[in-house]
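In numbering that gives the first Met the number 0, the protein residues as written are 0 to 434. Please read the structure below before turning to the comments.
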Amino acid sequence: MSDTHYDDATAYRYYRTLTSIAGSDDDIETMLRQAIEATFAYIGAKQAFYLPCWEGRLHDISTIKVFNGESWNAPAGSLKALCDTVSEYASAKTGLVVSNEKWVLLVIDCASQPSVWAVLSVDSAPGDEVLSVLEDATKCIAFGLKHRRREKDIAATQRSMESISRGMAETMAQLVQAEKMSELGKLTAGIAHEINNPVGYIRSNLESLATYMDSFQTFFSELEQAVEKGQVSPEVFDSLKTRFDFDFLLEDSKEIVETNLSGVDRISNIVSELYAFSRRGEGKFKTLKVADVVKRCITLTRSQFDTHHNVIYEDDTTSGLISGDGSQLEQVFVNMMINAAHAMPGGGTLTLRVSETISHVEVSIADTGTGMDKATRAKIFTPFFTTKATGKGTGLGLAITQGILHAHDAITDVSSELNKGTTFTLRFPRVEGPE
Ligand SMILES: Nc1ncnc2c1ncn2[C@@H]1O[C@H](COP(=O)(O)OP(=O)(O)OP(=O)(O)O)[C@@H](O)[C@H]1O
Ligand SMILES: [Mg+2]
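Here's what the structure looks like:
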């Protein structure tokens with residue numbers, strides 16, 4: 000057997016071609032075909048085909064395409080018999096390259112994955128040198144295969160990771176929704192309680208007023224009869240008034256009306272706070288200068304402070320721009336400033352300071368008021384928590400504020416010391432750009 004046309008240069012070119020095919024970005028199918036075409040040319044085969052196999056057996060030969068030197072075609076009828084022979088031969092021999100007189104079989108082993116058999120039919124069996132080149136070639140193709148399968152695995156892992164992370168995002172969204180619902184649930188329970196209270200006394204007051212109205216009616220009709228009979232002397236009038244307890248009824252009716260009016264005010268306050276709560280996050284965000292909002296709030300809350308108060312405003316910003324909803328932020332600052340005013344009934348100092356870092360714009364609202372103990376401090380953001388007298392605070396201020404600040408990605412820090420004062424520090428992400 001002569002190997003004359005399989006010189007070193009041809010082997011070298013073949014091997015280089017194969018290395019670049021194995022290392023290319025092509026998919027498995029393309030890589031295998033190109034590798035077989037190159038091998039086909041190298042050994043001067045008559046026809047070639049390849050197929051995946053499991054446990055030493057050929058896999059579904061109906062999918063096989065045969066390379067005849069020019070193109071890949073459907074196999075000729077004799078292929079089945081060839082496959083069977085190859086199969087028998089290959090299952091007995093586990094070496095990488097086997098050859099008999101008629102064909103060369105490359106068993107491209109791919110670790111634990113199914114291996115690929117490339118079968119090339121030849122006129123005469125290649126010599127040992129060519130077989131040893133083919134042995135290296137087989138390793139090279141196996142490397143290309145392994146590399147692609149790993150990439151396929153990585154892509155599949157990536158896809159499954161993506162789907163897991165999508166799933167997690169959905170779960171998170173559901174959890175956030177659930178948390179919102181539970182927040183809403185707590186709020187609803189609070190609202191029910193808060194509104195039920197004034198509704199309860201307004202109703203019982205109105206029932207009393209209804210019986211008082213009956214008494215008034217009877218009183219006036221008896222008075223009318225007395226007038227018709229010409230019997231209205233001061234004594235008769237006085238005895239009528241005493242019998243009907245008229246002075247008490249009148250006094251109590253007045254009180255009832257006053258209490259009911261304040262009850263209705265309380266309900267209407269709660270409702271307007273709730274409107275604000277429901278609108279939070281709906282606002283249109285735009286680039287704004289926080290200092291401008293703070294300055295507006297000083298004007299808005301002027302009536303809350305008197306000559307015993309000292310309101311200091313400091314602006315240390317050069318731009319101080321954030322993305323936000325001005326009217327919602329007004330609500331935040333105004334509530335905190337009113338809270339500060341309430342905490343300093345006898346006077347004190349409110350210091351409003353706007354400053355900035357590279358990444359944040361900071362607003363600090365510091366008062367020298369009553370301060371809070373730990374227990375109060377822990378509950379200030381809870382809806383309806385208030386230490387204020389009935390009618391003075393709904394306890395929704397900071398709960399709403401918290402929601403608005405959250406929508407602005409702002410961080411809130413509260414420090415408070417009993418009898419010394421309280422400082423709220425709000426840190427907003429800073430933005431660049433035109434106002
Ligand atoms: N600057 C402060 N100093 C001392 N206590 C404060 C201060 N700010 C808030 N608090 C405490 O937190 C509670 C809750 O405040 P929040 O603004 O939520 O409600 P409120 O002021 O009581 O009522 P609303 O704001 O609804 O009229 C207050 O009642 C008060 O006890
Ligand atoms: Mg408040």
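Note that CB positions come from ideal geometry on N, CA and C, so glycine has one too. Given the structure is predicted, the values throughout are model-derived calculations rather than measurements.
With residue i and residue j assumed to form a contact (beta carbons below 8 Å), what rounded beta-carbon distance in angstroms separates them?
i, j, result
"Ala37", "Leu17", "6 Å"
"Ile140", "Ala21", "6 Å"
"Glu193", "Phe383", "6 Å"
"Thr421", "Gly368", "6 Å"
"Met343", "Asp366", "6 Å"
"Glu227", "Leu239", "So it is not a contact: roughly 14 Å between Cβ atoms."
"Thr393", "Thr385", "7 Å"
"Ile266", "Ile190", "Actually they are not in contact, since the Cβ atoms of Ile266 and Ile190 sit about 10 Å apart, beyond 8 Å."
"Asp135", "Tyr14", "7 Å"
"Thr411", "Glu355", "In fact, because the Cβ distance is near 17 Å, the residues do not count as touching under 8 Å."
Tell whether a beta-carbon distance below 9 Å holds between residue i and residue j.
i, j, result
"Asp237", "Ser214", "no"
"Lys145", "Ser120", "no"
"Ile27", "Arg148", "yes"
"Ala117", "Leu104", "yes"
"Ile364", "Leu425", "yes"
"Ile255", "Asn338", "no"
"Pro51", "Val97", "no"
"Tyr41", "Val132", "yes"
"Tyr211", "Asp251", "yes"
"Arg32", "Tyr11", "no"
"Thr334", "Leu397", "As written in the sequence, residue 334 is Asn, which differs from the Thr given in the question. Contact: yes."
"Val293", "Val362", "yes"
"Ala44", "Gly68", "yes"
"His308", "Gly347", "yes"
"Trp71", "Lys79", "no"
"Met30", "Gly126", "no"
"His341", "Lys288", "no"
Could you pull the DSSP bridge partners for residue i from this structure?
i, result
"Arg32", "The partner list for Arg32 (beta bridge, DSSP) is empty, contrary to what the question assumes."
"Pro428", "His359"
"Phe423", "Ile364 and Val413"
"Arg352", "Glu313 and Ser363"
"Ala117", "Tyr49 and Leu105"
"Ile321", "Leu287 and Arg429"
"His308", "Gly347"
"Phe66", "Ala47 and Trp71"
"Val292", "BP columns for Val292 are empty, so no partner."
"Ser98", "Val103"
### Task
Indicate whether the contact test is met: 3 or more Cβ pairs, each with one atom in the segment 306 to 324 and one in the segment 423 to 433, closer than 8 Å.
At 8 Å Cβ cutoff, the stretches touch.
### Task
Report yes or no: do three or more beta-carbon pairs, one from the segment 257 to 273 and one from the segment 297 to 317, lie closer than 8 Å?
The segment 257 to 273, when compared against the segment 297 to 317, does not touch it at the 8 Å Cβ threshold.
### Query
Hey, is the segment 349 to 361 in contact with the segment 308 to 316, meaning 3+ C-beta pairs nearer than 8 Å?
Because the criterion of three Cβ pairs below 8 Å is met, the segment 349 to 361 and the segment 308 to 316 touch.
### Query
Quick one: any contact between the segment 373 to 384 and the segment 323 to 330, if contact means 3 or more CB pairs under 8 Å?
No: the two stretches stay apart, fewer than three of their Cβ pairs being nearer than 8 Å.
### Task
Anything with a beta carbon under 5 Å from a heavy atom of ligand 2 counts; list them all in chain order.
The set of residues with CB atoms less than 5 Å from any heavy atom of ligand 2 reads, in chain order, Asn334, Asn338 and Gly396.
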